[in-house]
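Just below is one structure, and these are the notes that go with it.
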Amino acid sequence: MSNNRPIGVFDSGLGGLTVVKELNKLLPFEDIVYFGDTGRVPYGNRSIDTIKRYAAEDENFLLSQDVKAIIAACGTVSSVATDVSKKLPIPFFEVVSHASKMACETTVNKKIGVIGTSATIKSGKHKEYILKFLPHAEIVCQSCPLFVPLVEEGWYSADDIVVEETIKRYLEPMIKAGVDTLILGCTHYPVLEDAISKVLGDGVKLINAGTATAKAVLEFLEKEDMLKGEGQGNIDFFVSDKADSFRHQASILLGREIDDSKVKTVSL
Ligand code: DGL
Numbered sequence: 000m001s002n003n004r005p006i007g008v009f010d011s012g013l014g015g016l017t018v019v020k021e022l023n024k025l026l027p028f029e030d031i032v033y034f035g036d037t038g039r040v041p042y043g044n045r046s047i048d049t050i051k052r053y054a055a056e057d058e059n060f061l062l063s064q065d066v067k068a069i070i071a072a073c074g075t076v077s078s079v080a081t082d083v084s085k086k087l088p089i090p091f092f093e094v095v096s097h098a099s100k101m102a103c104e105t106t107v108n109k110k111i112g113v114i115g116t117s118a119t120i121k122s123g124k125h126k127e128y129i130l131k132f133l134p135h136a137e138i139v140c141q142s143c144p145l146f147v148p149l150v151e152e153g154w155y156s157a158d159d160i161v162v163e164e165t166i167k168r169y170l171e172p173m174i175k176a177g178v179d180t181l182i183l184g185c186t187h188y189p190v191l192e193d194a195i196s197k198v199l200g201d202g203v204k205l206i207n208a209g210t211a212t213a214k215a216v217l218e219f220l221e222k223e224d225m226l227k228g229e230g231q232g233n234i235d236f237f238v239s240d241k242a243d244s245f246r247h248q249a250s251i252l253l254g255r256e257i258d259d260s261k262v263k264t265v266s267l
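Residue numbers for the sequence shown follow numbering that gives the first Met the number 0, beginning at 0 and rising by one.
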């Protein structure tokens, strides 16, 4: 028995699209309902109570769209607000555990870097998972609060001097410690992947939480017989503000033109 209902994905803004991109690669037949809370981005420098309230509202919106599973495509929500999701009546996926596991499977020198929003790094969630999978790992953590506004503004070219200098300053501790694997602990960060690689060099493997999570979603839906499994997937986008600029950036990030009619503004 298959399940043809869509998968619900949410983030504070554009970042969750990096997860959608990976879902599209592994599960191209699945329909997706995406919610980007563009009216309240960023989440990462807010209090835990506020992030939990936002996460609950985002999840309720997706439930109202009759989705079959929800993915918090947001490192911040995945780090500090997963207790909210325990009450959900459908399967829920976060992005922290899968990325941490993938980093442990990737590192050779057992030196792992983690970058994320202030709330994510303060939560210590990645560290907790990494030490569970690899108890003797050396972990270097760094919050990079300027990365999200750069991405939301569309400033992510590897040739942009502002982008390069910002990355250099934040990632200095990673270079000094000699990490060979870096978890992009915020879903906005894979957008900066080329620019980060330019600074760190090919010797450092970047872990995209979307890749790790999409794999986990595929395995789960397969096991539970919940895949749609055929046809071409459709994506409906919902945002809480600035639908036009979201549509423009999303078309670039997903590499295909998104029609006006596909992005709707909702208030939660
Ligand atoms: N993309 C999100 C994350 O993964 C949210 C960033 C933010 O809103 O601060 O953390």
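Positions of the beta carbon are idealized from the N, C-alpha and C atoms, including for glycine.
Since the model is a prediction, treat every value here as computed from it, not as a measurement.
Item                                                                                                                                                                              : Value
Classify V161 as buried or exposed, calling it buried when 16 or more other Cβ atoms lie within 10 Å of its own Cβ.                                                               : exposed
Quick one: is V40 near chain B, going by C-beta distance under 8 Å?                                                                                                               : Note that chain B does not occur in the displayed structure, where there is just one protein chain.
Using 8 Å for Cβ pairs, my map puts S77 next to V66. What's the rounded Cβ distance?                                                                                              : Contact flag wrong, Cβ pair sits at about 17 Å.
Please determine, among T165, A80, G200, the residue with the shortest C-alpha to C-alpha distance to T49.                                                                        : A80
Could you pull the start and end residues of the alpha helix (DSSP H) that G209 belongs to?                                                                                       : 208-222
Would you call the region 55-69 in contact with the region 161-171, where contact means no fewer than 3 C-beta pairs closer than 8 Å?                                             : no
Per DSSP, what are the beta-bridge partners of F92 in this structure?                                                                                                             : I70
Compare the C-alpha of K197 against each of E218, D158, T186 and name the closest.                                                                                                : D158
Leaving out the 5 sequence neighbours to the left and right, which residues in its chain are closer than 6 Å to P189 when beta-carbon positions are compared?                     : T17, L183, N207
Specify the secondary structure class of V79 as computed by DSSP and reduced to three states.                                                                                     : helix
Mind checking who Y33 pairs with in its DSSP beta bridge?                                                                                                                         : V8, F236
Classify R45: buried if its beta carbon has 16 or more other beta carbons within 10 angstroms, exposed otherwise.                                                                 : buried
When you compare each of T75, D30, L22, G7 to T210 by their alpha carbons, which one comes out closest?                                                                           : L22
Which word fits V8, buried or exposed, when buried means at least 16 other C-beta atoms lie within 10 angstroms of its C-beta?                                                    : buried
Scan the region 102-166 and note each continuous beta strand (DSSP E) run of 3 residues or more that stays entirely inside, going in chain order.                                 : 110-115, 137-142
Considering L181, what are the terminal residues of the beta strand (DSSP E) in which it resides?                                                                                 : 180-183
According to DSSP, simplified to helix, strand and coil, what is K312?                                                                                                            : There is simply no residue 312 to check, as the chain begins at 0 and stops at 267 in what is shown.
Would you tell me roughly how many angstroms separate the C-alpha atoms of F60 and L267, rounded to the nearest one?                                                              : 7 Å
Kindly list the residues whose CB is nearer than 6 Å to the CB of A102, restricted to its own chain and excluding five residues on each side of it in sequence; keep chain order. : I111, T180, I182, I206
Looking at E29: is its Cβ nearer than 8 Å to the Cβ of G232?                                                                                                                      : yes
If we ignore side chains and look at the alpha-carbon of each, how far apart do L253 and I234 end up?                                                                             : 11 Å
Would you say the region 111-123 touches the region 81-92, given that touching needs at least three Cβ pairs under 8 Å?                                                           : no
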